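Visitor: Just remember that the working numbering sits 118 ahead of the position in the sequence shown, which is counted from 1.
If you scroll down you'll find the structure; I have some questions about it.
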Amino acid sequence: MPVPSRSLRIGAAVAALAAMAAMAGCTAEPEPPVPAPTEPPTLEEAFAGLIDARGVPGGALAIRRGEDTEVIVHGDADDEGTPITEETVFGYRSVTKSFVVTVLLRLAEEGLVDLIVPTTAPEEGVSPADATPWELAAMTAGTPNYSAQPGLIEEITADPERAWEDDDLFDLVRGLPESFAPGTSYEYSNTNTLLVGELVADASMDTWSQAVAELVTEPLGLESVVYPGDGAAPDAAATPFQLTDGAAEPLPAVRASAFSAAGGLFGTAGDLAVWAQALGTGALLEDETFETRLSAFGPTASDPQSPEYDEYGLGIGRIGDWIGHTGNGLGYQALAMYHAESETAVAILLNATGEDGDLPAHLLEDLEELVLEAP
Numbered sequence: 119m120p121v122p123s124r125s126l127r128i129g130a131a132v133a134a135l136a137a138m139a140a141m142a143g144c145t146a147e148p149e150p151p152v153p154a155p156t157e158p159p160t161l162e163e164a165f166a167g168l169i170d171a172r173g174v175p176g177g178a179l180a181i182r183r184g185e186d187t188e189v190i191v192h193g194d195a196d197d198e199g200t201p202i203t204e205e206t207v208f209g210y211r212s213v214t215k216s217f218v219v220t221v222l223l224r225l226a227e228e229g230l231v232d233l234i235v236p237t238t239a240p241e242e243g244v245s246p247a248d249a250t251p252w253e254l255a256a257m258t259a260g261t262p263n264y265s266a267q268p269g270l271i272e273e274i275t276a277d278p279e280r281a282w283e284d285d286d287l288f289d290l291v292r293g294l295p296e297s298f299a300p301g302t303s304y305e306y307s308n309t310n311t312l313l314v315g316e317l318v319a320d321a322s323m324d325t326w327s328q329a330v331a332e333l334v335t336e337p338l339g340l341e342s343v344v345y346p347g348d349g350a351a352p353d354a355a356a357t358p359f360q361l362t363d364g365a366a367e368p369l370p371a372v373r374a375s376a377f378s379a380a381g382g383l384f385g386t387a388g389d390l391a392v393w394a395q396a397l398g399t400g401a402l403l404e405d406e407t408f409e410t411r412l413s414a415f416g417p418t419a420s421d422p423q424s425p426e427y428d429e430y431g432l433g434i435g436r437i438g439d440w441i442g443h444t445g446n447g448l449g450y451q452a453l454a455m456y457h458a459e460s461e462t463a464v465a466i467l468l469n470a471t472g473e474d475g476d477l478p479a480h481l482l483e484d485l486e487e488l489v490l491e492a493p
């Protein structure tokens with residue numbers, strides 16, 4: 119018997135509803151909500167996390183563009199929990215070399231030093247007699263490194279507060295053979311910069327540290343930057359630490375005279391950032407002198423013990439797109455670098471040394487994107 123069309127429509131609707139109900143009963147549980155993406159760390163958080171992960175008690179990071187400097191601090195200045203502040207002073211260690219060689223270049227501009235004429239070494243039996251001031255500054259003189267001699271550490275261990283004369287440091291390498299003929303290779307040697315300091319003293323008729331003050335730190339207003347010499351470290355200096363198996367142990371404060379022109383300056387992160395900017399822009403040099411400095415970079419691969427530079431030149435090194443200097447030794451690490459494209463200067467200071475002798479350079483590598491994005 120024919121089924122009325124209305125009945126067909128009702129039957130179809132009932133069947134469709136039944137099918138939908140069956141499908142609804144088989145539907146899987148809804149997916150849990152996707153968590154919101156976490157915010158990337160700020161520069162402050164990233165810096166703190168990186169030095170905490172490496173067991174460094176404390177540090178400071180300064181960024182400078184134009185006349186504006188931002189200083190980020192984290193951690194402890196000593197083993198009593200005194201916090202690092204913007205006024206905390208650290209050892210600049212080998213960043214000192216960039217100051218001293220800049221003074222050498224200033225004196226060359228005045229005609230008081232000839233960079234390319236072989237000079238009689240100020241200390242007989244220390245450096246090849248035909249090495250030039252240029253080769254001493256560029257670490258291509260072949261001079262043995264006084265700080266690599268076992269006698270230095272033995273003396274420091276026996277008497278950390280010993281006052282040193284440069285002659286004492288020269289005696290550690292006096293009579294040792296040159297590593298290579300001057301100008302034929304590269305080997306990073308602290309003795310080279312001691313000799314540059316002697317040349318600066320002879321040409322300026324003053325100590326190297328006073329010449330640095332008159333020609334660099336005073337013109338730039340770097341009031342915290344000092345050379346303690348045989349005296350104690352500045353009152354505001356962070357305690358130096360040594361990292362061993364993840365633990366930080368305080369070190370005795372070795373006299374700055376043990377480093378002399380090769381690494382004896384102290385100062386704050388803010389002042390170091392000002393210096394990084396001046397160093398990277400040639401602010402204290404004539405244009406021709408600065409261009410000469412930029413053209414003097416050479417490879418560092420011949421010295422596996424060298425600090426981590428892609429190239430090194432006249433008291434200045436290159437790491438990627440950054441130029442400047444780093445420092446490391448006996449409880450302090452330092453970095454002063456300038457990025458020309460972004461006109462960014464950065465300084466990093468830490469109050470610990472350990473297995474990674476290039477930690478500031480590695481921190482800059484890890485923080486580079488955040489540093490360049492910083493307002």
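Beta carbons: idealized from backbone N, C-alpha and C, even for Gly.
Remember, it's a predicted structure, so these values are computed and weren't measured experimentally.
Whole-angstrom Cβ separation of L312 and S378, contact assumed at under 8 Å?
Guide: Position 194 of the sequence shown, counted from the first residue, corresponds to residue 312. Position 260 of the sequence shown, counted from the first residue, corresponds to residue 378. With 8 Å as the limit, L312 and S378 qualify as a contact, their Cβ atoms being about 6 Å apart.
Visitor: Quick one: complete beta strand (DSSP E) runs, 3+ long, within the segment 380-443?
Guide: 435-437
Visitor: Compare the beta carbon distance of A394 and A454 with 7 Å and say whether it is the shorter of the two.
Guide: In the sequence shown, the residue the question calls residue 394 occupies position 276. In the sequence shown, the residue the question calls residue 454 occupies position 336. For the 7 Å CB-CB criterion, A394 and A454 form a contact.
Visitor: Grab the span of the beta strand (DSSP E) containing R182 for me, first residue to last.
Guide: Locating residue 182 in the sequence shown gives position 64, where the first residue counts as 1. Segment G176 to R183, the beta strand (DSSP E) holding R182.
Visitor: Counting C-beta neighbours from all protein chains within 10 Å, is the total for T462 16 or more, i.e. buried, or is it exposed?
Guide: Counting from 1 along the sequence shown, the entry for residue 462 is found at position 344. Buried, by the Cβ-count rule.
Visitor: CA-CA distance, F165 and A401?
Guide: In the sequence shown, residue 165 corresponds to position 47, counting from 1. In the sequence shown, residue 401 corresponds to position 283, counting from 1. Approximately 29 Å, taken between the alpha carbons.
Visitor: Below 8 Å, how does it come out for the segment 201-211 and the segment 290-308: are there three or more Cβ pairs, yes or no?
Guide: no
Visitor: For D194, collect the residues of the same chain with a Cβ closer than 6 Å to its Cβ; drop the 5 residues on either side in sequence, then sort them by chain order.
Guide: Along the sequence shown, read from residue 1 onward, the residue named residue 194 stands at position 76. In the same chain as D194, and ignoring 5 residues on each side of it, the C-beta atoms closer than 6 Å to its own belong to P175 and G176, in chain order.
Visitor: Near V231, which residues of its chain fall below 7 Å by C-beta distance, leaving aside the five closest residues on each side in sequence?
Guide: Position 113 of the sequence shown, counting from 1, holds the residue named residue 231. If we look at V231 and ignore the five residues flanking it on each side, its Cβ neighbours are L222, L225, P251, L317 and A321.
Visitor: Checking 7 Å against the spacing of the C-beta atoms, do F298 and G349 come in under that value?
Guide: In the sequence shown, the residue the question calls residue 298 occupies position 180. In the sequence shown, the residue the question calls residue 349 occupies position 231. No, the pair does not count as a contact, with Cβ atoms beyond the cut-off.
Visitor: So, are the CB atoms of A366 and A470 less than 7 Å apart?
Guide: Here residue 366 corresponds to residue number 248 of the sequence shown, with the count starting at 1. Here residue 470 corresponds to residue number 352 of the sequence shown, with the count starting at 1. Contact check for A366 against A470 passes: the beta carbons are separated by less than 7 Å.
Visitor: Alpha carbon to alpha carbon, how far is G447 from A178?
Guide: Residue numbering aside, residue 447 sits at position 329 when the sequence shown is read from its first letter. Residue numbering aside, residue 178 sits at position 60 when the sequence shown is read from its first letter. In a straight line, the C-alpha of G447 is about 17 Å away from that of A178.
Visitor: Assuming A492 and E188 make a contact with CB atoms under 8 Å, what is their CB distance in whole Å?
Guide: One-based indexing of the sequence shown puts residue 492 at position 374. One-based indexing of the sequence shown puts residue 188 at position 70. Between E188 and A492 the Cβ distance is about 7 Å, and since that is below 8 Å, they are a contact.
Visitor: With H, G and I counted as helix, E and B as strand and the rest as coil, what does DSSP make of L481?
Guide: In the sequence shown, residue 481 corresponds to position 363, counting from 1. The answer is helix: DSSP assigns L481 an H, G or I state.
Visitor: What's the gap between the Cα of C144 and the Cα of T160?
Guide: Position 26 of the sequence shown, counted from the first residue, corresponds to residue 144. Position 42 of the sequence shown, counted from the first residue, corresponds to residue 160. Bear in mind that the predicted position of C144 carries a pLDDT of just 37, short of 50, making it unreliable; the figure below should be weighed with that in mind. Going by the C-alpha atoms only, they are around 47 Å apart.
Visitor: Output yes or no for whether 7 Å exceeds the beta carbon distance between L287 and Q267.
Guide: Residue 287 sits at position 169 when you count from the first residue of the sequence shown. Residue 267 sits at position 149 when you count from the first residue of the sequence shown. Going by C-beta atoms, L287 is not nearer than 7 Å to Q267.
Visitor: Once DSSP output is grouped into helix, strand and coil, what is the label at D194?
Guide: The count along the sequence shown starts at 1 and reaches residue 194 at position 76. Three-state DSSP puts D194 in a strand.
Visitor: I'd like to know whether the C-beta atoms of L397 and G339 end up nearer to each other than 7 Å.
Guide: Position 279 of the sequence shown holds residue 397. Position 221 of the sequence shown holds residue 339. No, Cβ-Cβ distance for L397 and G339 is not below 7 Å.
Visitor: Taking V213 and E204 to be in contact with their CB atoms under 8 Å, please state how far apart those CB atoms are, rounded to whole angstroms.
Guide: Numbered from 1 along the sequence shown, position 95 holds the residue referred to as residue 213. Numbered from 1 along the sequence shown, position 86 holds the residue referred to as residue 204. Incorrect: roughly 18 Å between the Cβ atoms, too far for contact.
Visitor: Note down the Cα distance separating I466 from T444, rounded to an integer number of angstroms.
Guide: To locate residue 466, count along the sequence shown from 1; it is residue 348. To locate residue 444, count along the sequence shown from 1; it is residue 326. For I466 and T444, the distance between alpha carbons rounds to 9 Å.
Visitor: Could you tell me which residues DSSP puts in a beta bridge with I466?
Guide: Taking the sequence shown and counting its residues from 1, one reaches residue 466 at position 348. DSSP output for I466 lists L179 and L453 as bridge partner(s).
Visitor: For the candidate residues D353, T362, S327 and P337, whose alpha-carbon lies nearest to that of Y345?
Guide: The count along the sequence shown starts at 1 and reaches residue 345 at position 227. Ranking D353, T362, S327 and P337 by Cα distance to Y345 puts S327 first.
Visitor: Taking a contact to mean a Cβ-Cβ separation below 7 Å, would you say A356 touches A180 in this structure?
Guide: Working through the sequence shown from its first residue, we reach residue 356 at position 238. Working through the sequence shown from its first residue, we reach residue 180 at position 62. No, they are not a contact pair.
Visitor: Need the endpoints of the alpha helix (DSSP H) that P268 sits in, please.
Guide: Reading the sequence shown from its first residue, position 150 is the one you call residue 268. P268 to A276 is the extent of the alpha helix (DSSP H) around P268.
Visitor: Report the rounded CA-to-CA distance for V372 versus P425, giving the unit in angstroms.
Guide: Within the sequence shown, residue 372 is the residue found at index 254, counting from 1. Within the sequence shown, residue 425 is the residue found at index 307, counting from 1. Approximately 21 Å between the Cα atoms of the pair.
Visitor: Tell me, which residues are paired with D186 by DSSP?
Guide: Against the sequence shown, residue 186 aligns to sequence position 68. According to DSSP, D186 bridges with R183.
Visitor: Measure the CB-CB distance between L432 and V219 and report whether it falls below 7 Å.
Guide: Here residue 432 refers to the residue found at position 314 of the sequence shown. Here residue 219 refers to the residue found at position 101 of the sequence shown. Taking 7 Å as the cut-off, the beta carbon of L432 is found closer than this to the beta carbon of V219.
Visitor: As an exercise, report each continuous alpha helix (DSSP H) stretch of at least 4 residues that is fully enclosed by the segment 293-366, in chain order.
Guide: 308-322 and 326-330
Visitor: Reducing DSSP to helix, strand and coil, say where P251 ends up.
Guide: As a position in the sequence shown, residue 251 is number 133, starting the count at 1. Three-state DSSP puts P251 in a helix.
Visitor: I need the boundaries of the alpha helix (DSSP H) containing E227, first residue and last residue.
Guide: The count along the sequence shown starts at 1 and reaches residue 227 at position 109. T214 to E227 is the extent of the alpha helix (DSSP H) around E227.
Visitor: Given T362, which residues of its chain have a CB within under 8 Å of its CB, disregarding the five upstream and five downstream residues?
Guide: Reading the sequence shown from its first residue, position 244 is the one you call residue 362. Once the five neighbours on either side are set aside, the close Cβ partners of T362 are G472.
Visitor: Tell me whether R127 sits in a helix, a strand or coil according to DSSP, three-state version.
Guide: Along the sequence shown, one-based indexing puts residue 127 at 9. At R127, the pLDDT of 35 sits below 50, so the modelled position is not reliable and the matter cannot be decided from this model.
Visitor: Can you tell me whether C144 is helix, strand or coil according to DSSP?
Guide: Position 26 of the sequence shown, counting from 1, holds the residue named residue 144. Unreliable positioning characterises C144 in this predicted model, as indicated by a pLDDT of 37, which lies under 50. The coordinate reading is nonetheless provided below. In the structure shown, C144 sits in a helix (DSSP, three-state: H, G or I).
Visitor: Ignore the nearest five residues each way along the sequence and tell me which others in V330's own chain have a CB closer than 7 Å to its CB.
Guide: Numbered from 1 along the sequence shown, position 212 holds the residue referred to as residue 330. For V330, where only same-chain residues beyond five positions count, the Cβ hits under 7 Å are F217, V218 and V221.
Visitor: How is the alpha helix (DSSP H) around L287 delimited, first residue to last?
Guide: Taking the first residue of the sequence shown as 1, we reach residue 287 at position 169. Run containing L287: D284 to D289, per the alpha helix (DSSP H) assignment.
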